[in-house]
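S.K.: Take 11 as the starting number for the sequence shown in our numbering and just add one per residue. Even glycine gets a Cβ: it sits at the ideal position worked out from N, Cα and C. Supplied in structure tokens, the structure appears directly below.
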Amino acid sequence: MTLRQQNGQFNTLLNNEWVESGSGETIKIYSPDDHALTGEVPALSQEEVDTAIRSTAAVQENWEASEGHERSQLLHRWADELEKMTAEIGLMIHKEVGKTLSSAEGEVKRTAELIRHTAEEGLRTHGSFIQGDAFPGASKSTKAMVQKVPHGVVLAVSPFNYPVNLAASKIAPALITGNTVVFKPATQGAVSGLLMVEALVKAGLPEGVLNVVTGRGSVIGDFAVTHPKVDMITFTGGTDTGKHIAGKASMIPVVLELGGKDPAIVLEDADLDKAAKEIVSGAFSYSGQRCTAIKRVMVMDNVADELLQKVQELVKGLKVGKSSEDASVTPMIDQKSAEYVLSLIDDARNKGAVIVEEGLQEKNLLGPTLLDHVTEDMEVAWEEQFGPVLPFMRIANELEAVDLEKRNAYGLQASIFTKNLENAFAIADKLNVGTVQVNGKTSRGPDHFPFLGVKNSGQGVQGIGRSIDSMLRDKVLVLNL
Ligand code: NAP
Ligand code: G3H
11 MTLRQQNGQF NTLLNNEWVE SGSGETIKIY SPDDHALTGE VPALSQEEVD TAIRSTAAVQ
71 ENWEASEGHE RSQLLHRWAD ELEKMTAEIG LMIHKEVGKT LSSAEGEVKR TAELIRHTAE
131 EGLRTHGSFI QGDAFPGASK STKAMVQKVP HGVVLAVSPF NYPVNLAASK IAPALITGNT
191 VVFKPATQGA VSGLLMVEAL VKAGLPEGVL NVVTGRGSVI GDFAVTHPKV DMITFTGGTD
251 TGKHIAGKAS MIPVVLELGG KDPAIVLEDA DLDKAAKEIV SGAFSYSGQR CTAIKRVMVM
311 DNVADELLQK VQELVKGLKV GKSSEDASVT PMIDQKSAEY VLSLIDDARN KGAVIVEEGL
371 QEKNLLGPTL LDHVTEDMEV AWEEQFGPVL PFMRIANELE AVDLEKRNAY GLQASIFTKN
431 LENAFAIADK LNVGTVQVNG KTSRGPDHFP FLGVKNSGQG VQGIGRSIDS MLRDKVLVLN
491 L
């Protein structure tokens with residue numbers, strides 16, 4: 011069988027065979043843009059997930075025994091094949107998760123670069139050698155060789171919003187280090203994920219080294235997470251799901267990249283034009299459905315009106331519509347998410363927020379909404395909206411911003427806009443987040459930078475080099491001469 015069936019259904023990958031589910035059950039995926047049927051993927055049973063995991067485990071030792079430079083070559087070929095499929099995969103991402111075509115194709119190209127960089131960086135992993143004499147009672151004749159070895163089978167679980175990039179950013183570091191992979195794509199995004207895997211098969215993936223398990227996380231997720239043959243989990247998605255997984259997994263490493271409530275802190279000496287531009291792009295690209303989207307603005311009261319005016323002007327220029335119309339603000343992933351955003355707007359309105367700009371509301375398409383005078387009692391001040399609404403909180407001094415951020419349940423990133431770098435560094439030191447951006451929007455890339463969240467935003471670190479590290483553990487061989 012092939013990946014694509016005649017009837018528009020897609021198969022999943024088991025030991026380099028494209029297969030249906032035994033029951034024939036599928037999950038239909040509809041485009042958030044026009045609600046047209048985009049594809050159908052197999053709804054695997056727990057027994058089928060078990061087979062996929064055990065097959066992956068069975069070939070792990072062989073894969074680990076392969077030469078590192080061969081694994082690197084496979085990744086290079088994967089990047090090449092992926093790039094050749096840019097138009098096809100880009101179109102699928104566009105339809106499946108409602109990104110504009112250019113942004114969807116950009117995701118594929120970024121992913122090819124990420125895989126290439128991983129293929130190179132993975133060649134440079136090495137262990138260390140330690141002499142015993144630094145510790146009292148031991149001598150130079152006791153020597154430790156610390157090797158870096160893979161965990162074994164990695165379960166890679168990805169979210170809908172980067173169905174290719176946030177899958178490959180887990181799969182590539184796992185493979186280069188000699189782990190085998192069970193890939194669980196987000197259901198909305200699964201077809202794009204399968205196409206990405208097709209590129210890997212074309213590149214020469216050995217049988218069983220990566221298997222794909224499609225199906226609802228609510229049905230097969232816990233089974234996979236608690237499977238005795240899974241040795242490590244790498245997950246990106248919502249905080250509730252991530253916490254649930256961390257609670258279920260037992261005695262294995264779990265890397266989590268979760269939600270965020272990233273603030274843009276704007277001081278009175280900031281370049282307000284630049285701040286406004288970065289804020290609008292940071293808050294509204296892909297309709298705010300990015301963990302790193304700017305999700306609240308904390309602005310000094312004496313420049314708040316001016317900043318808001320500049321932000322509003324830019325927001326008015328954003329095209330709202332379907333991703334097929336190349337709009338900037340496009341339909342949200344589903345109706346439930348849109349309703350959640352509307353509930354946050356209503357709560358803020360009822361509690362006295364000023365609606366500076368109210369976006370169109372048409373099913374799951376929401377235009378950008380700007381809320382001013384947002385106060386601490388409003389849900390939108392703290393909850394992750396993951397949509398196109400931006401709250402402005404006015405502050406009297408920078409300590410207020412630090413205090414607000416300290417009470418943030420999330421800790422992904424924060425932006426500070428100021429011309430005073432010394433001040434920026436001082437504030438950055440006080441913020442308990444993974445990354446602080448100075449005079450730029452919050453965002454993950456460049457992809458070789460460490461990327462992490464603290465508090466409810468995650469555990470462990472990603473970014474190419476750190477992701478590779480997370481896929482390896484120490485193994486110590488002691489020579490007693
Ligand atoms: P989600 O609902 O948490 O789903 C993420 C993945 O987890 C999907 O593949 C989902 O499968 C799967 N899943 C669900 N229940 C599971 C379980 N019990 N065991 C194992 N897997 C399970 O997140 P999302 O809606 O795709 O993404 C939105 C959220 O992710 C936002 O909160 C956003 O901030 C966060 N996010 C964070 C980052 C980051 O890097 N920090 C990046 C992207 C997104 P199904 O699709 O089949 O349910
Ligand atoms: O949604 C979470 C992603 O990790 C954000 O990545 O900053 O490149 O959009 P990005």
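Anyone know if the C-beta pair for Ile-125 and Ala-182 falls short of 8 Å?
M.R.: Yes. Within cutoff.
S.K.: Going along the chain, which residues of its own chain have a beta-carbon closer than 6 Å to the beta-carbon of Asn-4, five neighbours each way excluded?
M.R.: The question about residue 4 has no answer here: the residues shown for the chain are numbered 11 through 491.
S.K.: Pull up the DSSP beta-bridge partners for Arg-306, would you.
M.R.: Answer is Pro-273, bridged to Arg-306.
S.K.: Counting only the same chain and skipping the five closest in sequence on each side, list residues whose C-beta sits under 7 Å from that of Ala-286.
M.R.: Excluding sequence neighbours, Ala-286 sits near Leu-317, Lys-320, Val-321 and Leu-324.
S.K.: Let me know if Val-488 comes out buried or exposed under the rule of 16 or more other beta-carbons within 10 Å of its beta-carbon.
M.R.: Exposed, because fewer than 16 other Cβ atoms sit within 10 Å of the Cβ of Val-488.
S.K.: Can you have a look at Val-486 and say buried or exposed, based on whether 16 or more other CB atoms are within 10 angstroms of its CB?
M.R.: Label assigned to Val-486: exposed.
S.K.: Measuring alpha carbon to alpha carbon, tell me which of Ser-41, Thr-96 and Ile-186 ends up nearest Glu-74.
M.R.: That would be Ile-186, whose Cα lies nearest to the Cα of Glu-74.
S.K.: If I measure Cβ to Cβ from Ala-154 and keep anything under 6 Å in the same chain, skipping five residues before and after, which residues do I get?
M.R.: Once the five neighbours on either side are set aside, the close Cβ partners of Ala-154 are Ile-140, Val-486 and Val-488.
S.K.: Look up Arg-404 in the DSSP assignment and give the residues it is bridged to.
M.R.: In the DSSP output, where bridge partners are listed per residue, Arg-404 has Val-309.
S.K.: Let me know if Met-308 comes out buried or exposed under the rule of 16 or more other beta-carbons within 10 Å of its beta-carbon.
M.R.: Classification for Met-308: buried.
S.K.: Would you kindly work out how many angstroms separate the C-alpha atoms of Thr-36 and Val-191, rounded to a whole number?
M.R.: If I take the Cα positions, the gap works out to 23 Å.
S.K.: Do Thr-224 and Ala-200 have their C-beta atoms closer together than 8 Å?
M.R.: Contact flag set, yes.
S.K.: Can you give me the Cβ contacts of Ile-39 inside the same chain, cut-off strictly under 8 Å, excluding the 5 residues immediately before and after it?
M.R.: Leu-47, Thr-48, Gly-49, Glu-50, Val-51, Glu-106, Thr-197, Gln-198, Ala-200 and Val-201.
S.K.: Report back the beta-carbon spacing between Leu-204 and Leu-13 to the nearest angstrom; my notes put them in contact at under 8 Å.
M.R.: Correct: roughly 6 Å between the Cβ atoms.
S.K.: Please say whether Val-412 and Leu-441 have beta carbons closer to each other than 8 Å?
M.R.: Yes, they are a contact pair.
S.K.: Counting beta carbon pairs with one atom in the stretch 247 to 265 and one in the stretch 55 to 75, are three or more of them shorter than 8 Å?
M.R.: The stretch 55 to 75, when compared against the stretch 247 to 265, does not touch it at the 8 Å Cβ threshold.
S.K.: Would you tell me roughly how many angstroms separate the C-alpha atoms of Ser-467 and Gly-147, rounded to the nearest one?
M.R.: Cα-Cα distance, rounded: 44 Å.
S.K.: Do Ile-304 and Ser-113 have their CB atoms nearer than 8 Å?
M.R.: Not closer than 8 Å, so no.
S.K.: Kindly confirm or deny that the stretch 429 to 440 and the stretch 388 to 405 touch, where touching means at least three C-beta pairs closer than 8 Å.
M.R.: Counting Cβ pairs under 8 Å, fewer than three are found: no touch.
S.K.: Going by DSSP, name the residue or residues bridged to Val-192.
M.R.: Leu-165 and Asn-221.
S.K.: Which of helix, strand or coil does DSSP assign to Tyr-172?
M.R.: It is coil, neither helix nor strand.
S.K.: Taking 7 Å as the line, does the beta carbon of Asn-171 fall inside it for any heavy atom of ligand 1?
M.R.: Because some heavy atom of ligand 1 lies under 7 Å away, the Cβ of Asn-171 counts as near it: yes.
S.K.: Report the rounded CA-to-CA distance for Ser-418 versus Lys-271, giving the unit in angstroms.
M.R.: A quick correction: the sequence has Asn, not Ser, at residue 418. When rounded, the distance between both Cα atoms is 7 Å.
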